[in-house]
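Student:
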Amino acid sequence: MRAMLKMKTLFSLLTFLVLAPVLIRSLNPSLNDDVLGLIVFKADIQDPHGKLASWNEDDDTPCDWCGVKCNPRSNRVIELTLDGFSLSGRIGRGLLQLQFLRKLSLSSNNLTGNIRPNLAKLQSLRIIDLSGNSLSGSIPDDFFKQCGSLRVISLAKNKFSGKIPSSLSLCSTLATINLSSNQFSGPLPSGIWGLSALRTLDLSDNLLDGEIPKGIEKLNNLRVINLSKNRFSGSVPDGIGSCLLLRTIDLSENSLSGNLPETMQKLSLCNFMSFRKNLFSGEVPVWIGEMKGLVTLDLSGNKFSGEVPVSIGNLQWLKVLNFSANALTGSLPESIGNCVKLVALDFSLNSMKGDLPVWIFSSGLNKVSLSEKNVGVRMNGPSGSSSGSSFEMLQVLDLSHNEFSGEIASTMGILSSLQLLNLSRNSLIGPIPASIGELNALNVLDLSENWLNGSIPIEIGGAYSLKELRLERNLIVGKIPTSIENCSSLTSLILSKNNLTGPITVAIAKLTNLQNVDLSFNSLTGGLPKQLANLVHLLSFNISHNHLQGELPAGGFFNTIAPSSVLGNPSLCGSAVNKSCPAVLPKPIVLNPNSTDSTTGSVPPNLGHKRIILSISALIAIGAAAVIVIGVIAITVLNLRVRSSASRSAAALTLSAGDDFSHSPTTDANSGKLVMFSGEPDFSTGTHALLNKDCELGRGGFGAVYRTVLRDGHPVAIKKLTVSSLVKSQEDFEREVKKLGKVRHPNLVALEGYYWTQSLQLLIYEFLSGGSLYKHLHDGCGGNFLSWNERFNIILGTAKSLAHLHESNIIHYNIKSSNVLIDSSGEPKVGDYGLARLLPMLDRYVLSSKIQSALGYMAPEFACRTVKITEKCDVYGFGVLVLEVVTGKRPVEYMEDDVVVLCDMIRGALDEGRVEECVDERLQGKFPAEEAIPVMKLGLICTSQVPSNRPDMGEVVNILELIRCPSEGQEELV
Numbered sequence: 001m002r003a004m005l006k007m008k009t010l011f012s013l014l015t016f017l018v019l020a021p022v023l024i025r026s027l028n029p030s031l032n033d034d035v036l037g038l039i040v041f042k043a044d045i046q047d048p049h050g051k052l053a054s055w056n057e058d059d060d061t062p063c064d065w066c067g068v069k070c071n072p073r074s075n076r077v078i079e080l081t082l083d084g085f086s087l088s089g090r091i092g093r094g095l096l097q098l099q100f101l102r103k104l105s106l107s108s109n110n111l112t113g114n115i116r117p118n119l120a121k122l123q124s125l126r127i128i129d130l131s132g133n134s135l136s137g138s139i140p141d142d143f144f145k146q147c148g149s150l151r152v153i154s155l156a157k158n159k160f161s162g163k164i165p166s167s168l169s170l171c172s173t174l175a176t177i178n179l180s181s182n183q184f185s186g187p188l189p190s191g192i193w194g195l196s197a198l199r200t201l202d203l204s205d206n207l208l209d210g211e212i213p214k215g216i217e218k219l220n221n222l223r224v225i226n227l228s229k230n231r232f233s234g235s236v237p238d239g240i241g242s243c244l245l246l247r248t249i250d251l252s253e254n255s256l257s258g259n260l261p262e263t264m265q266k267l268s269l270c271n272f273m274s275f276r277k278n279l280f281s282g283e284v285p286v287w288i289g290e291m292k293g294l295v296t297l298d299l300s301g302n303k304f305s306g307e308v309p310v311s312i313g314n315l316q317w318l319k320v321l322n323f324s325a326n327a328l329t330g331s332l333p334e335s336i337g338n339c340v341k342l343v344a345l346d347f348s349l350n351s352m353k354g355d356l357p358v359w360i361f362s363s364g365l366n367k368v369s370l371s372e373k374n375v376g377v378r379m380n381g382p383s384g385s386s387s388g389s390s391f392e393m394l395q396v397l398d399l400s401h402n403e404f405s406g407e408i409a410s411t412m413g414i415l416s417s418l419q420l421l422n423l424s425r426n427s428l429i430g431p432i433p434a435s436i437g438e439l440n441a442l443n444v445l446d447l448s449e450n451w452l453n454g455s456i457p458i459e460i461g462g463a464y465s466l467k468e469l470r471l472e473r474n475l476i477v478g479k480i481p482t483s484i485e486n487c488s489s490l491t492s493l494i495l496s497k498n499n500l501t502g503p504i505t506v507a508i509a510k511l512t513n514l515q516n517v518d519l520s521f522n523s524l525t526g527g528l529p530k531q532l533a534n535l536v537h538l539l540s541f542n543i544s545h546n547h548l549q550g551e552l553p554a555g556g557f558f559n560t561i562a563p564s565s566v567l568g569n570p571s572l573c574g575s576a577v578n579k580s581c582p583a584v585l586p587k588p589i590v591l592n593p594n595s596t597d598s599t600t601g602s603v604p605p606n607l608g609h610k611r612i613i614l615s616i617s618a619l620i621a622i623g624a625a626a627v628i629v630i631g632v633i634a635i636t637v638l639n640l641r642v643r644s645s646a647s648r649s650a651a652a653l654t655l656s657a658g659d660d661f662s663h664s665p666t667t668d669a670n671s672g673k674l675v676m677f678s679g680e681p682d683f684s685t686g687t688h689a690l691l692n693k694d695c696e697l698g699r700g701g702f703g704a705v706y707r708t709v710l711r712d713g714h715p716v717a718i719k720k721l722t723v724s725s726l727v728k729s730q731e732d733f734e735r736e737v738k739k740l741g742k743v744r745h746p747n748l749v750a751l752e753g754y755y756w757t758q759s760l761q762l763l764i765y766e767f768l769s770g771g772s773l774y775k776h777l778h779d780g781c782g783g784n785f786l787s788w789n790e791r792f793n794i795i796l797g798t799a800k801s802l803a804h805l806h807e808s809n810i811i812h813y814n815i816k817s818s819n820v821l822i823d824s825s826g827e828p829k830v831g832d833y834g835l836a837r838l839l840p841m842l843d844r845y846v847l848s849s850k851i852q853s854a855l856g857y858m859a860p861e862f863a864c865r866t867v868k869i870t871e872k873c874d875v876y877g878f879g880v881l882v883l884e885v886v887t888g889k890r891p892v893e894y895m896e897d898d899v900v901v902l903c904d905m906i907r908g909a910l911d912e913g914r915v916e917e918c919v920d921e922r923l924q925g926k927f928p929a930e931e932a933i934p935v936m937k938l939g940l941i942c943t944s945q946v947p948s949n950r951p952d953m954g955e956v957v958n959i960l961e962l963i964r965c966p967s968e969g970q971e972e973l974v
């Protein structure tokens, strides 16, 4: 019976699809073919932003519709351009009605399915652009059999697979073919070489293989050929030199081999040539100097050997020259000095020898350049030789990983545009020239792994744009100059394995963007400046194997610094080196944040002229006793106050419900005001629950939560706020609560209403019976634990709820597992959102002490008053939550002699290649590693110390949806 019903449904659907155009025409006979076709096309797609709202089937003509262009004489549609409209769905048959269509452009949308119907049959069509969608499947071999006058076809950035249809060679008018960034496989159809009108051929980033077929010389009009990022093998066809109009040749990232064809020297118009990452061998051909139009020449990542030909100096227009990662020998020819427009010069990872080419930094090349970039030429003496550099435009100079020797020229400051200088891994000697300070545009300076000596020049502060400074593994002596503080953009400072002496200057603490510092294996002395604790972006700070002494800085990164980063400093003290500092009392005990109450205290520095040091167990016992006493007193006082206020309020509790947020008519000081956002449940039966301990569900930073049942049987959760002294005025309170009441999402706990008196404020939420995520993760017993699928769905649902809050300009501030509730169907619902908006001001102390009550979820910017608190603090808390869900461990675990921070533990495991071991042991053998590991990496990215490095929640949702790849056998993991 069910099968027959299914067949009937399918038959009805097919009938509708076949007869829809006929039915529409019969219902509205005035519809012309273009209106009909476009309306049928629109019926097959989704338009989330209403871009096609102007498309009305009652119109006589579609010429005024958005994205439509008509011939002014015939009023027939000639262009349909809907690029970037966020359209989804499939391309339907309606477009076949547009018989006069010349241009169809649907790029940068979310269209799916294949490209049937055969749009190439439209005889008037000149341009088809479907790039940047999610179209898939193979293209039928006869798709282009009747391609009419087609001139441009672009299917780039989709998911097409299979072979390139051979019928493409029948489109004799084609000028542009772009099938890049798909999954096309198999050989390149040789028939393409017969398209004599072809000007641009881009098949890059596919899976094409085999040899490039011969016959390319037939393409007399070819300007651009891009076959990069495929699997082509064999040699480059000789005929390529006959394509005299070629301007761009990109055959990079294949497996091509042999020598470059000598015929290519005739390509005098070619300005871009890249054969990067192939298997070419032999010497770099001398004839390459004949290709005088070259602007970019990239032969990196091959097996070229021998010396660099002198003819390179003939390339007067050359801007980018990259011969890195080959087997080149000899020295750089001085003729390169003639390439006055060079912007990037890269000969790294070769075996070149001889002195470092001084002429690169030279001021006496006897060449006067009057190009637009070098009009300010200076003359030197009567000879009239130029004292200006031929390389004033040079931005990248990378000669690393060779065997260059000699000193770095003292005149290097003339490279005024230089942004990257990498001379690492050579055999350079001598000092670092003071002229380094003249390189104001320099971002990266890497002189590591040489034999440089002398001190770090004080002029280094002049290179104020530096972001990365690497001088490790040299023979540098002296102190770290205080002028380093001028390099305020520094993120990496690597000075390890030198002979540096003196103290660590406080100037380093002024480099507020620092992320990675390595001063290890030197002879530094003295103490560490306490101001280093203010470096909020630090990810690593290695001072091991020096002669430092005193106490480590307190706070920030240094509270969790790895012991390996401070080893080899016998006089250092602090928890990281497991050594108490003299004359310093033990630090106050930090109680487990998962307990109901927590207190911190300190021992007086002098009690009876004797210093009393108690054991940890004694301190815990004393602290616990104090907590109990204070708790009993506080509860007694609160109960008395609550009973008094509740008895007054319960009598005055008056309904004022309705969708329009109507107000209670009562104005007496002792009466309360109840607002329900929908419906009119009787609330009176639930007031006794507010004083009934048995109905309490839990307590948080804002107050206690109770369960009660309304007279109609509807259960609700009521949060009784205990921050009354901080809550805004009634007007501000109601305005903010109503905003929260309008926020609706399947993964958010719904706010159903509120109650206000001067002394009592209640928030009324929907009741969820499944308990909190914290309970499911940490209080489960036996075999009752969350499966991987359940955990992933919880992570994804939580991410979606936070993304929705951020779109509504609401920051949660308090994301943690106890604030994620599970409903009866296992879906996550985030609660306690936006409550910080009820406070008169977002004071960091209040946020950290009241709201962010759970240690481990708090973003580091809470500790720095100069850093703005944004929704990125929610992203940090979410990242911690992700790691908690995957591992089943609390954000901070308190051991007998240690404190384990979850983020640090997983980051360390990732570095050691054992991150898979961190997954909850209850899931071992029952989770897909291809999902779990990326999810943990995402969690680590979200917990970046730098807020700008964290993704926003919308991006997090997209990443999670990409990670979730359903596969066969998934059911076994449930």
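Here the sequence shown is numbered in UniProt numbering, starting from 1 and rising by one per residue.
From the three backbone atoms N, C-alpha and C, an ideal C-beta is built for every residue, glycine too.
These numbers were taken from a predicted model, which means no experiment stands behind them.
Do the CB positions of residue 254 and residue 282 come within less than 9 Å of each other?
Tutor: No, Cβ-Cβ distance for residue 254 and residue 282 is not below 9 Å.
Student: Pull up the DSSP beta-bridge partners for residue 551, would you.
Tutor: Beta-bridge pairing links residue 551 to 573.
Student: What ranges does the alpha helix (DSSP H) occupy inside the region 742-778, keeping only unbroken runs of at least 4 residues that lie completely in it?
Tutor: The qualifying runs are 773-778.
Student: Which of helix, strand or coil does DSSP assign to residue 876?
Tutor: Correct three-state label for residue 876: helix.
Student: According to DSSP, simplified to helix, strand and coil, what is residue 430?
Tutor: Looking at residue 430 - three-state DSSP - the assignment turns out to be strand.
Student: Start and end of the beta strand (DSSP E) containing residue 136?
Tutor: From DSSP, the beta strand (DSSP E) with residue 136 extends over 136-138.
Student: So what does DSSP say about residue 30, is it helix, strand or coil?
Tutor: Model confidence at residue 30 stands at a pLDDT of 39, short of 50, so the residue's coordinates are unreliable; what they give is reported in the following sentence. Residue state, collapsed to three classes: coil.
Student: What are the start and end residues of the beta strand (DSSP E) that includes residue 280?
Tutor: Counting along the chain, the beta strand (DSSP E) containing residue 280 begins and ends at 279-283.
Student: Leaving out the 5 sequence neighbours to the left and right, which residues in its chain are closer than 8 Å to residue 263 when beta-carbon positions are compared?
Tutor: Only 238, 239, 240, 241, 242 meet the Cβ criterion.
Student: Helix, strand or coil for residue 61? Go by DSSP, reduced to three states.
Tutor: In the structure shown, residue 61 sits in coil (DSSP, three-state: anything other than H, G, I, E or B).
Student: Could you pull out every residue in the same chain whose Cβ sits closer than 7 Å to the Cβ of residue 606, ignoring the five residues on either side in sequence?
Tutor: Below a pLDDT of 50, predicted positions are generally treated as unreliable, and residue 606, at 34, falls in that range; no measurement from the model is reported.
Student: Find out if the Cβ-Cβ distance for the pair residue 295, residue 320 is shorter than 9 Å.
Tutor: Their beta carbons are under 9 Å apart, which means residue 295 touches residue 320 by this criterion.
Student: I'd like the list of long-range same chain contacts for residue 916, defined as Cβ closer than 8 Å, with 5 residues on each side in sequence excluded.
Tutor: Counting only Cβ-Cβ distances below 8 Å, and skipping sequence neighbours, we find 929, 932, 933.
Student: My parser needs the beta strand (DSSP E) runs of 3 or more residues fully inside the region 221-272; what are they?
Tutor: Within the region 221-272, the complete beta strand (DSSP E) runs of at least 3 residues are 224-226, 231-234, 248-250, 255-258.
Student: In angstroms with no decimal places, state the Cα-to-Cα distance between residue 757 and residue 675.
Tutor: Cα to Cα, the separation comes out at about 12 Å.
Student: For the alpha helix (DSSP H) that residue 960 lies in, which residues bound it at each end?
Tutor: Element bounds for residue 960: 953-963.
Student: For residue 753, which residues in the same chain have their Cβ closer than 6 Å to its Cβ, ignoring the five residues on either side in sequence?
Tutor: Closer than 6 Å at Cβ, skipping near neighbours: 675, 676, 677, 764.
Student: Roughly how many whole angstroms lie between the Cα atoms of residue 454 and residue 498?
Tutor: Rounded to the nearest angstrom, the two C-alpha atoms are 11 Å apart.
Student: Could you tell me how far apart the beta carbons of residue 124 and residue 101 are, in whole angstroms, since I believe they sit closer than 8 Å?
Tutor: That pair is a contact at about 6 Å.
Student: Determine the extent of the beta strand (DSSP E) in which residue 512 is found, giving its start and end residues.
Tutor: Taken as a continuous stretch (DSSP letters only), residue 512 belongs to no beta strand (DSSP E), as it is neither H nor E.
Student: Around the C-beta of residue 956, are 16 or more other C-beta atoms found within 10 angstroms, so that it is buried, or is it exposed?
Tutor: Flag for residue 956 reads buried.
Student: Would you say residue 105 and residue 79 are within 9 Å of each other, going by their C-beta atoms?
Tutor: Cβ atoms of residue 105 and residue 79: closer than 9 Å.
Student: Ends of the alpha helix (DSSP H) at residue 798?
Tutor: Residues 788-807.
Student: Tell me whether residue 934 sits in a helix, a strand or coil according to DSSP, three-state version.
Tutor: Looking at residue 934 - three-state DSSP - the assignment turns out to be helix.
Student: Let me confirm a value: residue 463 is counted as buried when at least 16 other C-beta atoms fall within 10 Å, else exposed. Which label applies?
Tutor: Its Cβ being crowded by 16 or more others within 10 Å, residue 463 is buried.
Student: Does the distance from the C-beta atom of residue 810 to that of residue 791 stay below 9 Å?
Tutor: Going by C-beta atoms, residue 810 is not nearer than 9 Å to residue 791.
Student: Which residue wins for smallest C-alpha separation from residue 437, given the options 407, 481, 429?
Tutor: Of the candidates 407, 481, 429, the one whose C-alpha sits nearest the C-alpha of residue 437 is 481.
Student: State the DSSP-derived secondary structure class of residue 594, mapped to helix, strand or coil.
Tutor: Because residue 594 sits at a pLDDT of 39, beneath the cut-off of 50, its placement in the model cannot be relied upon, and the following sentence gives the value as read from the coordinates. Three-state result, residue 594: coil.
Student: Roughly how many angstroms separate the alpha carbons of residue 396 and residue 744, rounded to a whole number?
Tutor: Roughly 52 Å between the two C-alpha positions.
Student: Given a cut-off of 9 Å, decide if residue 180 and residue 203 are closer than it, judged by their beta-carbon atoms.
Tutor: A contact, by the Cβ cut-off of 9 Å.
Student: Could you give the distance in angstroms between the alpha-carbon of residue 731 and the alpha-carbon of residue 740?
Tutor: Straight-line Cα distance between these residues: approximately 15 Å.
Student: Can residue 155 be considered in contact with the ligand GTP, in the sense that its beta carbon sits closer than 8 Å to one or more heavy atoms?
Tutor: No copy of the ligand GTP occurs in the structure displayed, which carries no ligand at all.
Student: Mind checking which residues open and close the alpha helix (DSSP H) that includes residue 902?
Tutor: Run containing residue 902: 902-911, per the alpha helix (DSSP H) assignment.
Student: Work out the CA separation of residue 808 and residue 535 for me, nearest whole Å.
Tutor: About 32 Å.
Student: Round the Cβ separation of residue 459 and residue 425 to the nearest angstrom and send it over; I've been treating them as touching at under 8 Å.
Tutor: Not quite, the Cβ-Cβ distance comes to about 25 Å (not below 8 Å), so this is no contact.
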